[in-house]
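Q:
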Amino acid sequence: MDYILHILIMMCIYTILCMSANMLTGLTNLISMGYAAFYGVGAYVTALCVLYLHWSVIPTLMLILVVNSLLALLIALPSLRLKGDYFILATLGFQMIIFTVLYNWTDVTRGPYGISGITDPVIIGSVKLDSIYSFLVFGIVLCLILGFLMYAMIQSPFSRVLRAMRDDEIALISLGRNVNYFKILAFIISSAFTGLAGYLYATYISYIDPTSFTLDESMFILSALLIGGTGNIKGPLVGAVFVVILPEILRFVGLPDSVAAPLRQILYGSILIWVMFNRKQGIAGKSIITE
Amino acid sequence: MNVLEINNLHKSFASTFTGTSGKAETETSEVLRGISMNLKHATVTALIGSNGSGKSTLFNVVSGLLKPDKGEVNYRYEDNEYNLMLLPSHRLATIGIARLFQGNNIFPGLTVLENLMVADNVRLGEQPWHMLFQYRKTKKAEKYRIEEAESILTNLLGSNNPLWEKKDMFAGNLSLGQQRLLAFARLLMNEKAELFLLDEPCAGVNAVIREKMAEMIQLLQAHKKTVLLIEHNMDFAQLIATNAFFLEGGKIAMDCAMDEMLANNYFRKSYFGEE
Numbered sequence: 041m042d043y044i045l046h047i048l049i050m051m052c053i054y055t056i057l058c059m060s061a062n063m064l065t066g067l068t069n070l071i072s073m074g075y076a077a078f079y080g081v082g083a084y085v086t087a088l089c090v091l092y093l094h095w096s097v098i099p100t101l102m103l104i105l106v107v108n109s110l111l112a113l114l115i116a117l118p119s120l121r122l123k124g125d126y127f128i129l130a131t132l133g134f135q136m137i138i139f140t141v142l143y144n145w146t147d148v149t150r151g152p153y154g155i156s157g158i159t160d161p162v163i164i165g166s167v168k169l170d171s172i173y174s175f176l177v178f179g180i181v182l183c184l185i186l187g188f189l190m191y192a193m194i195q196s197p198f199s200r201v202l203r204a205m206r207d208d209e210i211a212l213i214s215l216g217r218n219v220n221y222f223k224i225l226a227f228i229i230s231s232a233f234t235g236l237a238g239y240l241y242a243t244y245i246s247y248i249d250p251t252s253f254t255l256d257e258s259m260f261i262l263s264a265l266l267i268g269g270t271g272n273i274k275g276p277l278v279g280a281v282f283v284v285i286l287p288e289i290l291r292f293v294g295l296p297d298s299v300a301a302p303l304r305q306i307l308y309g310s311i312l313i314w315v316m317f318n319r320k321q322g323i324a325g326k327s328i329i330t331e
Numbered sequence: 050m051n052v053l054e055i056n057n058l059h060k061s062f063a064s065t066f067t068g069t070s071g072k073a074e075t076e077t078s079e080v081l082r083g084i085s086m087n088l089k090h091a092t093v094t095a096l097i098g099s100n101g102s103g104k105s106t107l108f109n110v111v112s113g114l115l116k117p118d119k120g121e122v123n124y125r126y127e128d129n130e131y132n133l134m135l136l137p138s139h140r141l142a143t144i145g146i147a148r149l150f151q152g153n154n155i156f157p158g159l160t161v162l163e164n165l166m167v168a169d170n171v172r173l174g175e176q177p178w179h180m181l182f183q184y185r186k187t188k189k190a191e192k193y194r195i196e197e198a199e200s201i202l203t204n205l206l207g208s209n210n211p212l213w214e215k216k217d218m219f220a221g222n223l224s225l226g227q228q229r230l231l232a233f234a235r236l237l238m239n240e241k242a243e244l245f246l247l248d249e250p251c252a253g254v255n256a257v258i259r260e261k262m263a264e265m266i267q268l269l270q271a272h273k274k275t276v277l278l279i280e281h282n283m284d285f286a287q288l289i290a291t292n293a294f295f296l297e298g299g300k301i302a303m304d305c306a307m308d309e310m311l312a313n314n315y316f317r318k319s320y321f322g323e324e
């Protein structure tokens with residue numbers, strides 16, 4: 041039973057990550073390579089707040105939102121003037137910097153040894169996140185809140201402006217919209233929400249180290265989103281379920297670990313190529329050309 | 050009264066390439082060479098010139114997408130005068146400047162109706178928190194936008210027009226002519242628009258859509274709007290424009306009434322190549 045609950049909690053974590061990535065990549069076509077960096081910052085802020093400050097859930101989540109928003113603003117201001125490939129490189133640089141800081145700032149992050157014992161954060165009063173059930177309920181609640189916010193945004197004129205920006209920036213400027221402002225806003229929202237997945241991960245696993253937040257993880261999040269689909273709520277959910285379930289299926293095939301791990305990578309890669317050729321909007325994404 | 054005053058506008062483009070000696074060389078081409086022109090309120094003016102004469106560059110400078118090397122562009126709107134060179138390009142729509150691009154520049158991933166709605170100058174609902182904290186107002190603004198967009202599709206374009214039938218289709222699925230019509234209709238969503246910069250509105254459209262375009266431009270003039278259009282189709286230009294500028298080699302070579310220009314020997318020789 042615990043095994044199934046673990047899978048469901050991991051699905052919640054990746055749903056949050058994919059929904060956040062959808063806000064940026066899905067609605068604006070801006071591809072960030074820094075998702076894992078923001079995920080990692082969220083996890084480390086959680087570890088420090090829970091272990092040293094003994095903060096409860098709400099203030100820690102608030103701090104994650106603030107820290108990630110400020111970091112995103114710092115990155116966005118110089119790099120959002122860059123377009124396409126250059127923006128990808130700027131976020132790639134950010135991803136590298138954060139990983140290096142997490143790995144080498146040993147006084148705070150304990151470097152490669154990681155931080156352990158991030159347990160039992162208080163929700164309110166004496167109610168704690170101390171069982172696998174409580175984490176699942178917390179994860180689902182977090183997903184529902186985020187899902188509701190994302191749904192409201194996707195239905196709103198705000199999303200229409202982002203989608204218009206994705207299609208043609210010059211035309212949108214001529215219609216009186218400040219595209220840099222909207223890019224920064226989308227980047228901040230996406231980065232802030234990515235950090236929330238870091239909270240769930242750090243408190244559930246109770247141990248974090250920099251290797252969980254590498255460039256590979258950023259690409260994995262992006263792949264999950266692209267496979268699931270962009271531009272709506274269903275796509276990120278399908279992507280998250282898919283990338284969490286697939287390795288578990290391989291587990292039952294009975295392959296040795298030395299084969300299963302590379303086989304999983306090959307499968308992800310092949311599926312991504314298949315999706316890009318045959319269903320560019322992803323498995324459950326919103327199609328643009330209807331003919 | 051002049052709506053737009055352009056004084057001594059210069060714009061050059063530099064390109065760097067590897068020369069025959071193997072060294073990097075820079076070549077500068079001056080596209081606008083001291084353009085000065087005035088545009089009177091509530092007139093339709095044609096900007097005529099052969100390909101590469103600098104018409105689109107002039108439009109790009111006026112609409113803030115390119116910074117000139119020298120010169121100034123002053124614009125009068127609601128008793129205020131603006132130096133357009135000092136404003137960020139996205140501010141221009143808010144002071145009544147509407148631009149139709151040579152390419153259609155529609156939003157293919159938005160529906161026809163959404164293409165119109167995104168052009169509304171009322172911004173309510175466009176901040177992410179509006180949907181949460183100003184839900185009723187946002188919904189009301191959306192309802193108004195839909196009505197406005199539908200009214201443009203039905204009243205201005207007439208009943209049985211192709212855009213009305215395809216209003217919920219993605220704009221990327223429209224034919225090029227229909228996309229052109231949509232791009233034009235989108236300009237009409239901005240109620241504040243006073244100056245319309247139209248870059249070849251009839252390029253690549255059939256006679257029916259061309260006629261519709263002419264009707265709409267005449268309607269703009271009837272509503273005291275100012276129109277500056279780039280056009281290669283002289284029949285169309287003669288039908289709707291009263292004044293004309295002839296742009297040649299980055300300079301204004303002629304500034305007169307449209308009919309007078311078409312009858313001018315120098316113009317006919319330079320533009321049509323008549324002997």
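Heads up: the protein sequence lines correspond to chains A and B, in order.
Just so you know, the first sequence maps onto residues 41 to 331 in the working numbering.
Just so you know, the second sequence maps onto residues 50 to 324 in the working numbering.
The beta carbon of each residue, even a glycine, is placed where N, CA and C say it ideally should be.
Throw me the rounded Cβ distance for the B/V167 and B/M218 pair, which I believe falls under 8 Å.
A: Within the second sequence, the letter at position 118 stands for residue 167 of chain B. Within the second sequence, the letter at position 169 stands for residue 218 of chain B. So it is not a contact: roughly 16 Å between Cβ atoms.
Q: Would you verify that the beta carbon of A/N218 is, or is not, closer than 7 Å to some beta carbon of chain B?
A: Taking the first sequence and counting its residues from 1, one reaches residue 218 of chain A at position 178. Yes, because at least one Cβ of chain B sits closer than 7 Å to the Cβ of A/N218.
Q: Quick one: does B/V171 have its CB under 7 Å from some CB of chain A?
A: By 1-based counting over the second sequence, the position of residue 171 of chain B is 122. With 7 Å as the cut-off, B/V171 does not count as an interface residue toward chain A.
Q: So that I know if they touch, is there some Cβ in chain A lying closer than 7 Å to that of B/K159?
A: Numbered from 1 along the second sequence, position 110 holds the residue referred to as residue 159 of chain B. Sequence check: residue 159 of chain B is Leu here, not Lys. Cβ-Cβ to chain A under 7 Å: yes for B/L159.
Q: Buried or exposed, going by whether 16 or more other CB atoms sit within 10 Å of the CB of B/L141?
A: As a working mapping, residue 141 of chain B is identified with position 92 in the second sequence. Under this definition B/L141 is a buried residue.
Q: Tell me which same chain residues have a C-beta within less than 8 Å of the C-beta of A/L91, skipping the five on either side of it?
A: As a working note, residue 91 of chain A is residue 51 in the first sequence. Once the five neighbours on either side are set aside, the close Cβ partners of A/L91 are I155, G157, I158.
Q: Quick check: A/I71 and A/I128, are their CB atoms within less than 7 Å of each other?
A: By one-based count along the first sequence, residue 71 of chain A stands at place 31. By one-based count along the first sequence, residue 128 of chain A stands at place 88. It is a contact, given that the beta carbons lie within the stated cut-off.
Q: Which runs of the alpha helix (DSSP H) spanning at least 4 residues fall entirely within the segment 134-179 of chain B, listed in chain order?
A: Entirely contained in the segment 134-179 of chain B, the alpha helix (DSSP H) runs reaching 4 residues are, in chain order, 161-166.
Q: Does DSSP put B/A293 in a helix, in a strand, or in coil?
A: For the purposes of this step, residue 293 of chain B is taken as residue 244 along the second sequence, with counting starting at 1. Note: B/A293 maps to strand in three-state DSSP.
Q: Just the Cα atoms here: how many angstroms apart are A/S166 and A/G275?
A: Here the question's residue 166 of chain A lines up with position 126 in the first sequence. Here the question's residue 275 of chain A lines up with position 235 in the first sequence. Approximately 37 Å between the Cα atoms of the pair.
Q: Just list the alpha helix (DSSP H) runs in the segment 64-128 of chain B, keeping only unbroken ones of 4 residues or longer that don't cross its boundaries, in chain order.
A: Fully enclosed alpha helix (DSSP H) runs of 4 or longer: 104-111.
Q: Residues in its own chain within less than 8 Å of B/L212 by CB, not counting five upstream and five downstream?
A: For the purposes of this step, residue 212 of chain B is taken as the residue at position 163 of the second sequence. Here the set comprises V161, L202, L206, L223, Q227, L230, L231, A234.
Q: For the alpha helix (DSSP H) holding A/I245, just list the boundary residues, first then last.
A: The count along the first sequence starts at 1 and reaches residue 245 of chain A at position 205. Counting along the chain, the alpha helix (DSSP H) containing A/I245 begins and ends at 219-245.
Q: On the three-state DSSP scale, how would you describe A/D208?
A: Here residue 208 of chain A refers to the residue found at position 168 when the first sequence is read from its first residue. A/D208: coil per DSSP, three-state reduction.
Q: For A/I98, is the classification buried or exposed, using 16 other Cβ atoms within 10 angstroms of its Cβ as the cut-off for buried?
A: To locate residue 98 of chain A, count along the first sequence from 1; it is residue 58. Label assigned to A/I98: exposed.
Q: Using a Cβ distance threshold of 8 Å, determine whether the segment 90-104 of chain B contacts the segment 289-305 of chain B, with at least three qualifying pairs required.
A: Judged by Cβ distances under 8 Å, the segment 90-104 of chain B makes contact with the segment 289-305 of chain B, as three or more pairs qualify.
Q: Per DSSP, which one or two residues make a beta bridge with B/E197?
A: Indexing the second sequence from 1 puts residue 197 of chain B at position 148. Answer is none; B/E197 lacks a bridge partner.
Q: Whose C-beta lies closer than 7 Å to the C-beta of B/T187 among residues of the same chain, with five residues either side of it excluded?
A: In the second sequence, counting from the first residue as 1, residue 187 of chain B sits at position 138. Within the same chain, B/T187 has close Cβ partners L173, G174, H179, M180.
Q: Is the Cβ-Cβ distance between A/G271 and A/K326 less than 7 Å?
A: On the first sequence, residue 271 of chain A is found 231 positions in, with the first residue counted as 1. On the first sequence, residue 326 of chain A is found 286 positions in, with the first residue counted as 1. In this structure, A/K326 lies closer than 7 Å to A/G271 by Cβ.
Q: Is it the case that the Cβ atoms of A/G309 and A/G82 are separated by a distance below 7 Å?
A: As a first step, residue 309 of chain A must be located in the first sequence, where it is residue number 269. As a first step, residue 82 of chain A must be located in the first sequence, where it is residue number 42. No, they are not a contact pair.
Q: Our contact map puts A/I228 next to A/L113 with C-beta atoms below 8 Å; I'd like the distance itself, whole angstroms only.
A: On the first sequence, position 188 is the one that residue 228 of chain A refers to. On the first sequence, position 73 is the one that residue 113 of chain A refers to. About 6 Å; that satisfies the 8 Å criterion.
Q: So if DSSP puts B/M303 in a beta bridge, which residue, or which two residues, is it bridged to?
A: Along the second sequence, read from residue 1 onward, the residue named residue 303 of chain B stands at position 254. BP columns for B/M303 point to B/F295.
Q: Using the three-state DSSP reduction, which class does B/I266 fall into: helix, strand or coil?
A: Residue numbering aside, residue 266 of chain B sits at position 217 when the second sequence is read from its first letter. In this structure, B/I266 counts as helix in the three-state DSSP scheme.
Q: In chain order, which alpha helix (DSSP H) runs of at least 4 residues are fully inside the segment 221-249 of chain B?
A: Within the segment 221-249 of chain B, the complete alpha helix (DSSP H) runs of at least 4 residues are 225-236.
Q: Which residues in chain A sit within 7 Å of B/A168, going by Cβ to Cβ distance?
A: Position 119 of the second sequence, counted from the first residue, corresponds to residue 168 of chain B. Result: L215.
Q: Below 8 Å, how does it come out for the segment 96-110 of chain A and the segment 256-264 of chain A: are there three or more Cβ pairs, yes or no?
A: With the cut-off at 8 Å, the segment 96-110 of chain A and the segment 256-264 of chain A do not touch.
Q: Closer than 8 Å between beta carbons: that is the criterion. Which residues of the segment 188-204 of chain A meet it against chain B?
A: Of all residues in the segment 188-204 of chain A, L189, A192, M193, Q195, S196, P197, F198, R200, V201, R203, A204 have a Cβ within less than 8 Å of some Cβ in chain B.
Q: Assuming contact is defined by CB atoms lying nearer than 7 Å, are B/L58 and B/G120 in contact in what I supplied?
A: The sequence position of residue 58 of chain B within the second sequence is 9, counting from 1. The sequence position of residue 120 of chain B within the second sequence is 71, counting from 1. Their beta carbons are under 7 Å apart, which means B/L58 touches B/G120 by this criterion.
Q: What does a CB cutoff of less than 8 Å around A/D170 pick up in its chain, not counting 5 residues either side in sequence?
A: Within the first sequence, the letter at position 130 stands for residue 170 of chain A. Closer than 8 Å at Cβ, skipping near neighbours: T159, D160.
Q: Would a C-beta distance cut-off of 7 Å place B/A147 and B/L236 closer than the cut-off?
A: Residue numbering aside, residue 147 of chain B sits at position 98 when the second sequence is read from its first letter. Residue numbering aside, residue 236 of chain B sits at position 187 when the second sequence is read from its first letter. Yes; because the gap between Cβ atoms is below 7 Å, this pair is in contact.
Q: Taking B/F316 as the query, report the chain A residues whose CB atoms sit under 9 Å from its CB, ordered along the chain.
A: Taking the second sequence and counting its residues from 1, the one referred to as residue 316 of chain B is at position 267. Result: empty, since nearest Cβ-Cβ is about 31 Å, beyond 9 Å.
Q: If we cut at 7 Å on Cβ distances, does A/A211 have a partner in chain D?
A: As a matter of chain content, chain D is missing from the structure shown, whose protein chains are A and B.
Q: What does DSSP give as the partner residues of B/E324 in its beta bridges?
A: For the purposes of this step, residue 324 of chain B is taken as the residue at position 275 of the second sequence. For B/E324, which the question treats as bridged, DSSP gives no partner whatsoever.
Q: Please list the terminal residues of the continuous alpha helix (DSSP H) segment that includes A/I194.
A: The residue you call residue 194 of chain A lines up with position 154 of the first sequence. Here the alpha helix (DSSP H) through A/I194 covers 172-195.
Q: What does the Cβ neighbour count give for A/Y173, buried or exposed, with the cut at 16 atoms within 10 Å?
A: Within the first sequence, the letter at position 133 stands for residue 173 of chain A. Classification of A/Y173: exposed, given that the 10 Å Cβ count is below 16.
Q: Would you identify the three-state DSSP class for A/I267, choosing helix, strand or coil?
A: Within the first sequence, the letter at position 227 stands for residue 267 of chain A. Looking at A/I267 - three-state DSSP - the assignment turns out to be helix.
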